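Novice: The opening residue of the sequence shown carries number 29 in the working numbering; numbering runs sequentially from there.
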Amino acid sequence: MKPVKTLRRDVFDQLPTINKAVALVMVEKGDLRLIDEPEYFKGYRQGDGAS
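#1: Can you grab the Cα-Cα spacing for the pair Glu65 / Ile46, in whole Å?
#2: State the start and end residues of the unbroken beta strand (DSSP E) segment that holds Leu43.
#3: To the nearest angstrom, how far is the alpha carbon of Leu60 from that of Val50?
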């Protein structure tokens, strides 16, 4: 089982439309999780979203 990448919602909001579409497809497939700012700082980081 591969790790699920996380993406902060504020970062997601700044993405170009095409990247948002790709991100949403990844969310549908379960490869990506959108998280809100407070959750990010609580130590739920499973991926840094760099890739």
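Yeah, the Cβ is synthetic: ideal placement off N, Cα and C, and Gly gets one too. Nothing here was measured: the structure is a model prediction, and the numbers come from that model.
Specialist: The answer reads as follows:
#1: 23 Å
#2: Unbroken run through Leu43: none, as it is neither H nor E.
#3: 10 Å
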